[in-house]
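A.B. asks: Pasting a structure below so you can have a look.
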Amino acid sequence: MITPRVPPVDEPRHFEPHELFFSLTDPKGRIRFGNQVFTRVSGYEENELIGKPHNLIRHPDVPRCVFRLLWDYLEAGKTIAAYVKNLAADGRYYWVLAVVSPCRKGYLSVRLNPSTPVFDTVRSAYARALEIESAVEEDRGKQAAIEASLADLTEQLGGLGFDSYDDFMRAALRAELDARSQLPQAYPALSDEGDPTGELASLHGVLESLNGQLAEVFDCLDVFEQLSDTLNDKHAVLEELGPSLSFLALNTHVSASRLGDEGAVLSVISKNLSERSKQADRLIGAIMQLMKPVCDTARGVAFDVEVAQIEAEVCEAFVAELCDESADAPGVHESLAILLEELASRCRSLLETLRQLTRDVETMRSAAQDLIGQIGQMQVTQLNGRIEIASIHAATGFLAIFDDVAKIVAEARIDCDEVIELLTGTGEELRTLLTIEGSLTANLSEISGHERRSHEQASLVVAVS
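In structure tokens, the structure reads:
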């Protein structure tokens with residue numbers, strides 16, 4: 004178990020539901036900067052935080068396996084969302100959902116006040132994982148304890164319907180942001196005390212606009228979830244379709260060859276069925292080759308939108324904070340520049356991913372359309388076969404084969420129609436979303452200009468000091 008720096012007190016430290024705070028750390032996890040909300044909620048003065056390891060605020064109620072997960076993600080260059088209970092300077096606690104990302108010179112952590120049923124579930128899951136961690140550590144040491152508690156936490160999340168931690172954190176962040184969207188806007192009007200040039204007010208306006216655009220995308224996240232869920236469901240169906248059609252075509256060929264000259268026409272029909280099944284199998288392969296990447300991309304887009312939204316909101320709040328005070332303190336301009344750089348980079352990546360997803364969805368839709376064409380031809384072939392066997396007494400065994408063909412082809416047509424309907428609708432939604440690309444790109448260009456000027460101002464502050 005972690006030994007806390009101050010005795011924990013079983014009493015929460017309050018911060019408002021709408022408040023966000025952030026901190027920047029170096030690659031080793033030492034705090035470089037935090038906004039006013041961070042210092043206020045943690046109970047430390049800024050000079051007590053800067054240069055200290057972030058585990059200064061680690062609470063012993065959080066199992067170590069959570070921090071193992073966090074570092075595994077960050078060292079792999081990935082963003083992670085995790086519920087964390089923190090320890091304030093006075094021993095009281097505060098829970099957050101932390102969204103942590105690699106950034107220039109280290110890591111960015113944005114935290115929100117959690118309030119959903121997902122959060123309630125996690126607290127009990129952490130308590131059980133912590134019990135296991137403590138018990139194993141006594142017998143087998145710290146590393147074995149972390150492995151055991153991580154396995155238990157993964158099992159608990161699996162029991163809740165999450166196949167991976169990725170799935171869990173995406174659902175958790177979505178739930179918390181849905182809850183936040185219902186909160187009244189509580190930020191005060193901008194002050195110009197710390198903004199004599201109007202630079203910050205200008206940036207705040209751009210961030211407000213960007214937040215609105217991201218909110219539009221956020222409102223469409225159900226499209227990405229439906230795309231991923233439906234394609235996952237259809238994956239197994241299509242995976243079985245190709246071999247089933249090939250097997251029926253083979254049966255038709257073998258049965259026709261046994262009839263000799265009398266089965267000559269049926270041989271032609273079986274050959275046609277075989278060719279159609281091969282074409283169908285090729286198209287199924289093309290669709291399935293894209294299915295997993297598209298599912299992964301759809302889930303990833305949803306998470307990136309959520310992260311971009313919370314990053315944009317904390318940027319906006321930080322700029323409002325700076326408008327109300329002197330912005331010449333060490334680290335302020337560099338921190339603002341890093342925040343803007345991370346936000347702009349994520350939004351540009353998001354736009355490119357949306358463009359690629361649009362192309363992949365159209366490729367899949369086209370292949371599914373071609374597959375329906377092949378299935379339609381197979382329907383015609385099996386009908387011709389049924390007509391032919393009516394005149395051949397020895398070919399009555401073919402009836403069952405063609406009945407199977409009819410059944411499989413009809414079911415395949417229904418599945419393909421559903422896939423095409425989904426892909427067509429998704430493609431339309433994506434193209435609608437991309438209509439904001441021009442204005443969003445313009446906002447990102449302005450943000451990059453502000454980022455550059457913040458870097459320049461940071462250099463001036465360092466030179467003067």
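In terms of our numbering, the sequence shown opens at residue 4 and continues consecutively. Just so you know, even glycine gets a beta-carbon here, dropped at the ideal spot from N, CA and C.
1) For V12, which of E454, R285, A92 and E421 has the nearest alpha-carbon?
2) So what's A91 in DSSP terms, helix, strand or just coil?
3) Threshold first: 4 residues or longer. Then list the alpha helix (DSSP H) segments lying entirely within the region 258 to 329, N to C.
4) With a threshold of 6 Å on Cβ separation, who are the neighbours of V297 within its own chain once the five nearest residues in sequence on each side are excluded?
5) Identify every residue that forms a DSSP beta bridge with W98.
6) Taking the alpha-carbon positions, what's the G201 to C326 distance?
7) Could you check what DSSP says for V44 in three-state terms: helix, strand or coil?
8) Expressed to the nearest angstrom, what Euclidean distance is found between the alpha-carbon atoms of L217 and R349?
9) Which value, in whole angstroms, describes the spacing of the CA atoms of E14 and E337?
10) Whose C-beta lies closer than 6 Å to the C-beta of R456 among residues of the same chain, with five residues either side of it excluded?
11) Might you give, ordered along the chain, the residues of its own chain that have their beta carbon closer than 6 Å to the beta carbon of A445, omitting 5 neighbours on each side?
12) How many Å lie between E140 and A148 at the Cα?
13) Between which two residues does the beta strand (DSSP E) carrying G109 extend?
14) Quick check: what's the CA-CA separation for L102 versus T82?
15) Could you check if P56 is buried or exposed, using at least 16 other CB atoms within 10 Å of its CB as the buried criterion?
16) Can you tell me the Cβ-Cβ gap for A315 and N214, rounded? I've got them flagged as a contact below 8 Å.
17) Based on Cα-Cα distance, which residue from T438, D142, Q159 and V121 lies nearest to R131?
18) Could you check if W98 is buried or exposed, using at least 16 other CB atoms within 10 Å of its CB as the buried criterion?
19) Among E278, F36, I287 and D225, whose alpha-carbon lies nearest the alpha-carbon of L517?
20) Hey, is the region 71 to 80 in contact with the region 306 to 314, meaning 3+ C-beta pairs nearer than 8 Å?
21) Does the region 402 to 422 come close enough to the region 435 to 453 that 3 or more CB-CB pairs lie under 8 Å?
22) Assuming V121 and A178 make a contact with CB atoms under 8 Å, what is their CB distance in whole Å?
23) Among residues of its own chain, excluding the 5 on either side of D64, which ones have a beta-carbon nearer than 6 Å to its beta-carbon?
24) Please classify Q385: is it buried, with 16 or more other beta-carbons within 10 angstroms of its beta-carbon, or exposed?
C.D. replies: With the given structure in hand:
1) Mapped onto the sequence shown, residue 12 falls at position 9. It is A92.
2) Your numbering for residue 91 matches position 88 in the sequence shown. Coil at A91, not helix or strand.
3) 267 to 326
4) Walking along the sequence shown from the start, residue 297 turns up at place 294. Within the same chain, V297 has close Cβ partners D363.
5) Residue numbering aside, residue 98 sits at position 95 when the sequence shown is read from its first letter. W98 is bridged to K88.
6) Along the sequence shown, one-based indexing puts residue 201 at 198. Along the sequence shown, one-based indexing puts residue 326 at 323. So the two alpha carbons sit approximately 9 Å from each other.
7) One-based indexing of the sequence shown puts residue 44 at position 41. Looking at V44 - three-state DSSP - the assignment turns out to be helix.
8) Residue 217 sits at position 214 when you count from the first residue of the sequence shown. Residue 349 sits at position 346 when you count from the first residue of the sequence shown. Whole-angstrom Cα-Cα distance: 12 Å.
9) As a working mapping, residue 14 is identified with position 11 in the sequence shown. As a working mapping, residue 337 is identified with position 334 in the sequence shown. Each residue's alpha carbon lies about 35 Å from the other.
10) Taking the first residue of the sequence shown as position 1, residue 456 is located at position 453. Excluding positions up to five away in sequence, the list is empty.
11) Here residue 445 refers to the residue found at position 442 when the sequence shown is read from its first residue. The answer is none, since no qualifying residue turns up.
12) Residue mapping note: residue 140 aligns to position 137 of the sequence shown, counting from 1. Residue mapping note: residue 148 aligns to position 145 of the sequence shown, counting from 1. Roughly 5 Å separates the two Cα atoms.
13) For the purposes of this step, residue 109 is taken as residue 106 along the sequence shown, with counting starting at 1. Residues G109 to L115.
14) One-based indexing of the sequence shown puts residue 102 at position 99. One-based indexing of the sequence shown puts residue 82 at position 79. Correcting the residue type first, residue 102 is Val in the shown sequence and not Leu. Distance between the alpha carbons of V102 and T82 is about 7 Å.
15) Residue 56 sits at position 53 when you count from the first residue of the sequence shown. Exposed, since its Cβ has fewer than 16 Cβ neighbours within 10 Å.
16) For this step, residue 315 is matched to residue 312 along the sequence shown. For this step, residue 214 is matched to residue 211 along the sequence shown. Confirmed, Cβ separation roughly 5 Å.
17) For this step, residue 131 is matched to residue 128 along the sequence shown. That would be Q159, whose Cα lies nearest to the Cα of R131.
18) Here the question's residue 98 lines up with position 95 in the sequence shown. That one is buried.
19) Nothing can be reported for residue 517: it is not among the residues displayed for the chain, which extend from 4 to 468.
20) no
21) no
22) For the purposes of this step, residue 121 is taken as the residue at position 118 of the sequence shown. For the purposes of this step, residue 178 is taken as the residue at position 175 of the sequence shown. Confirmed, about 5 Å.
23) For the purposes of this step, residue 64 is identified with residue 61 of the sequence shown, where counting begins at 1. Cβ neighbours of D64 beyond the five flanking positions: K88.
24) For the purposes of this step, residue 385 is identified with residue 382 of the sequence shown, where counting begins at 1. Its Cβ being crowded by 16 or more others within 10 Å, Q385 is buried.
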